[in-house]
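Step one of this worksheet: look at the structure below.
Number of protein chains: 2
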Amino acid sequence: MEPDKVRAPNIRDVARLAGVSYQTVSRVLNNSESIKDTTKQRVLDVIAQVGYRPNQAARALVTSRTRTIGVLTSQTAHYGPTTSLHAIEEAAREAGYLISTTSLATSDHEAIVDRLEHLMRQAVEGLVVIAPQVRVFDAIRELEISVPLVTLDSTRRDDHRSLSVDQIAGARMATRHLIELGHREIVHLSGPQDWIEAEARMTGFLREVDEADLATHPPILGDWTADFGYHVGRELLRYRDFTAVFAANDQMALGLIHAFRDGGLDVPRDVSVVGFDDIPEAAHYWPPLTTVRQDFAEIGRRSVAMLLGELRGDAEANHEQVFPELIVRESTAPPRI
Amino acid sequence: MEPDKVRAPNIRDVARLAGVSYQTVSRVLNNSESIKDTTKQRVLDVIAQVGYRPNQAARALVTSRTRTIGVLTSQTAHYGPTTSLHAIEEAAREAGYLISTTSLATSDHEAIVDRLEHLMRQAVEGLVVIAPQVRVFDAIRELEISVPLVTLDSTRRDDHRSLSVDQIAGARMATRHLIELGHREIVHLSGPQDWIEAEARMTGFLREVDEADLATHPPILGDWTADFGYHVGRELLRYRDFTAVFAANDQMALGLIHAFRDGGLDVPRDVSVVGFDDIPEAAHYWPPLTTVRQDFAEIGRRSVAMLLGELRGDAEANHEQVFPELIVRESTAPPRI
DNA sequence: ACGTGAGATGTGTACGTTCACATTTCTCGT
DNA sequence: ACGAGAAATGTGAACGTACACATCTCACGT
Chain A
0 MEPDKVRAPN
10 IRDVARLAGV
20 SYQTVSRVLN
30 NSESIKDTTK
40 QRVLDVIAQV
50 GYRPNQAARA
60 LVTSRTRTIG
70 VLTSQTAHYG
80 PTTSLHAIEE
90 AAREAGYLIS
100 TTSLATSDHE
110 AIVDRLEHLM
120 RQAVEGLVVI
130 APQVRVFDAI
140 RELEISVPLV
150 TLDSTRRDDH
160 RSLSVDQIAG
170 ARMATRHLIE
180 LGHREIVHLS
190 GPQDWIEAEA
200 RMTGFLREVD
210 EADLATHPPI
220 LGDWTADFGY
230 HVGRELLRYR
240 DFTAVFAAND
250 QMALGLIHAF
260 RDGGLDVPRD
270 VSVVGFDDIP
280 EAAHYWPPLT
290 TVRQDFAEIG
300 RRSVAMLLGE
310 LRGDAEANHE
320 QVFPELIVRE
330 STAPPRI
Chain B
0 MEPDKVRAPN
10 IRDVARLAGV
20 SYQTVSRVLN
30 NSESIKDTTK
40 QRVLDVIAQV
50 GYRPNQAARA
60 LVTSRTRTIG
70 VLTSQTAHYG
80 PTTSLHAIEE
90 AAREAGYLIS
100 TTSLATSDHE
110 AIVDRLEHLM
120 RQAVEGLVVI
130 APQVRVFDAI
140 RELEISVPLV
150 TLDSTRRDDH
160 RSLSVDQIAG
170 ARMATRHLIE
180 LGHREIVHLS
190 GPQDWIEAEA
200 RMTGFLREVD
210 EADLATHPPI
220 LGDWTADFGY
230 HVGRELLRYR
240 DFTAVFAAND
250 QMALGLIHAF
260 RDGGLDVPRD
270 VSVVGFDDIP
280 EAAHYWPPLT
290 TVRQDFAEIG
300 RRSVAMLLGE
310 LRGDAEANHE
320 QVFPELIVRE
330 STAPPRI
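Residue numbers (numbering that gives the first Met the number 0), protein chains in the order written: chain A, 0 to 336; chain B, 0 to 336.
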């Protein structure tokens, strides 16, 4: 006939056992000065002894500070967003913040609103959005979200802060590399239509092709996966009206190369392929992939720094850019003939 | 001279505007029955109009329910843990729970304790541990954590629930496949020493080799990365006293293959390579990788189901196993001669 | 017309903490 | 030895919600 659950000790229990008032315990918890060392130690001993853990809900209620940053991610377990997320978690932790992550199961408007509402109910103090779908921004505007917000991978110039890798520049570098090798018929395998990143890379590609006065092949819309890249590669084999492909990420590039090889084409002898992201495996693909490197971890860290800056009230620059880097390996070569 | 921050509307504000008591608003929020439809609608209208959001801290304080599940992940952005994490988040969300994720920056005892303490302060109702380092279990025991706990990828049989892919069985399948092809000199490239997964795969490998009465090459300890696989491959080229390698994950397998090719060896003609995990890119590697598939998403989903079951008080089975599957592709073949 | 009971709504209180302010205790210099 | 001021500690209230219980309202059968 034991009581089913014993109530967890609270600040008053600790105070009683230490022979002080609850306020003194609170001071110890918050590292207040003007506490006698002996008293402080006595309180700490009791805390350790009874295994007291401050109730964050009560604390948040009275201070109206949650020390939590909300992160909205896309539904996929891609390397880039994941790496950024880890960096965000680490940077936030170091600053004494915690992370509440939620991901988008679907990218329809309702789901986005639901997830944002969820984060706001959590009373997050700031928001990092790594879900670079265009629609997210509409939802944010609609909900009149008032906490500081940083978006990643956006090329938008909106009323919130953003941090982006200059995807357009990266795409231009990749495209220019192919052009400089002598390619004149270049196909672009893009990401999904509503991803801002995909749009930016496509824009960069089109601009570069345009400036070089080359014929424009209509970009193909992909879904970021190697499987899709493979299927596209099989299709492309039927036309052969190109000498190079710029894929919007490394996985699709891998699928393309696989399909080309299956079709009897050699990369880079018969066709050059460039990827994007420089995931850690890209250097070990066969052939090692020429790609555009982005520092996802750096982006994550800096996004937290920006957010914390805004939380502290600094009126810093609103938009930062991180520059990507072209990594030339062995999947690109001059066209035959 | 505006007031700097307007207080967010609370339940009493809503009540006043709707001309009802705060308790009635509370009833609407909690979908209580015995609310007149017209009243309910009036309250909902006010809520929407003023943008009222219930304060979770206050709610948690009084109900002592946070509806939060804590997740402890390893420090790395690997495909497997990440995929499981996504599945966990989704499953939890569907059950009305939220996720508080924290990752291990380092795997020393202090860091682990710090992270666990952190989650407990958040008053998580349950814990999912995807950080399969051995030391985590010591910390959990030491902290006398009382909330329901599910660990992933563990082969331990402890006092908490666990859900694991039978890594030993998977490793045996991979090894047996090589043996059945006729290989007698097989090297194992393992994961880091303190990872339970790595240990289990090594155990499976050693058992199978032992049962087949083959000479045992001492396993090589790796770090899961393709880069490391490449370096090991370069080293191995100097000996050539093996005809097959079983790598503990696909990335290391990729690096190995790269190194072998650089050294003039053909996979699978000169040496066979098997990976583990079946990440989505494995089918598109060159050659397409023979590997062991694990359903990471399934694991994530089931871990949440187990946890919720325990939270509801079901006394279900304590340990579930998920079986992996051997996927034979083109990186394995009979040994030459 | 009136009591009855169910349905609808209202009131008091507790959750565990921090903040503002009040009070006590110590440490000096004289 | 004493008072002033600083240091240390204590008291009352508030944060926003849900629960237990109390009260009000209304339809209905007699």
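Idealized CB from N, CA, C, for every residue including glycine.
Not a single C-beta of chain A is nearer than 7 Å to the C-beta of residue 206 (chain B). At a cut-off of 7 Å between beta carbons, residue 280 (chain A) contacts chain B.
Excluding its 5 nearest sequence neighbours in each direction, residue 303 (chain A) has C-beta neighbours in its own chain below 6 Å: 87, 90, 91, listed in chain order.
Counted as a single uninterrupted DSSP element, the beta strand (DSSP E) harbouring residue 244 (chain A) occupies residues 243-246. Residue-level contact by beta carbon holds for residue 52 (chain B) and chain A, with a gap shorter than 7 Å.
About 25 Å separates the beta carbons of residue 298 (chain B) and residue 272 (chain B), which is beyond the 8 Å limit, so they are not a contact pair.
Residue state for residue 101 (chain B) is assigned as strand, using DSSP reduced to three classes. By the rule that beta-carbons nearer than 7 Å mark a contact, residue 132 (chain B) does not touch chain A. The distance from the Cβ of residue 77 (chain A) to that of residue 223 (chain A) is about 7 Å, consistent with a contact at the 8 Å cut-off. Contact of residue 226 (chain A) with chain B by beta-carbon distance below 8 Å involves 279, 282, 283. Classified as exposed, residue 37 (chain B) has fewer than 16 neighbouring CB atoms from the shown chains inside 10 Å of its CB. Comparing alpha-carbon positions, the option among B:249, B:242, B:214 lying closest to residue 228 (chain B) turns out to be B:249.
Look at residue 252 (chain B): its C-beta is not under 7 Å from any C-beta on chain A. Close to residue 229 (chain B), with beta-carbon spacing below 9 Å, are these residues of chain A in chain order: 282, 283. Taking all protein chains shown into account, residue 283 (chain B) has 16 or more neighbouring C-beta atoms within 10 Å of its C-beta and is therefore buried. The beta carbon of residue 120 (chain B) sits closer than 7 Å to some beta carbon of chain A. Going by beta carbons, residue 287 (chain B) and residue 329 (chain B) fall inside the 7 Å limit.
The Cβ atoms of residue 332 (chain A) and residue 267 (chain A) lie closer than 7 Å to each other. According to the DSSP assignment, residue 231 (chain A) belongs to the alpha helix (DSSP H) that extends over 225-235. In the structure shown, the three-state DSSP call for residue 331 (chain A) is coil. Taking a C-beta distance under 7 Å as the contact criterion, residue 98 (chain B) and residue 70 (chain B) qualify as a contact pair. Between residue 175 (chain A) and residue 213 (chain A), the C-beta spacing is not below 7 Å. For residue 260 (chain A), the chain B residues whose C-beta falls within less than 9 Å of its own C-beta are 285, listed in chain order.
Judged by DSSP secondary structure, residue 300 (chain B) falls within the alpha helix (DSSP H) whose first and last residues are 295-311. Between residue 80 (chain A) and residue 129 (chain A) a beta carbon distance of about 5 Å is seen, short of the 8 Å cut, so the two are scored as contacting. Across the stretch 99-112 of chain A, CB contacts with chain B closer than 9 Å involve 99, 100, 101, 102, 104, in sequence order along the chain.
Excluding five sequence positions before and after residue 101 (chain B), the CB atoms of its chain that fall closer than 8 Å to its own CB belong to 69, 70, 71, 72, 114, 117, 118, given in chain order.
Counted as a single uninterrupted DSSP element, the beta strand (DSSP E) harbouring residue 186 (chain B) occupies residues 185-189.
With a threshold of 7 Å between beta carbons, residue 234 (chain A) makes no contact with chain B. Remark: C-beta atoms of residue 251 (chain A) and residue 232 (chain A) do not approach each other more closely than 7 Å. Boundaries for residue 77 (chain A): no alpha helix (DSSP H) harbours it, and the DSSP string shows neither H nor E there.
Assignment of residue 176 (chain A) by DSSP, reduced to helix, strand and coil, places it in the helix class.
In this structure, the straight-line span from the alpha carbon of residue 193 (chain B) to that of residue 177 (chain B) is close to 26 Å.
Nearest Cα to residue 67 (chain B) within the set A:50, A:66, A:173, A:56: A:56. Against residue 32 (chain A), chain B offers no close residue; the least beta-carbon distance is about 23 Å (beta-carbon pairs closer than 8 Å). For the pair residue 24 (chain A) and residue 10 (chain A), the CB atoms are nearer than the 7 Å cut-off.
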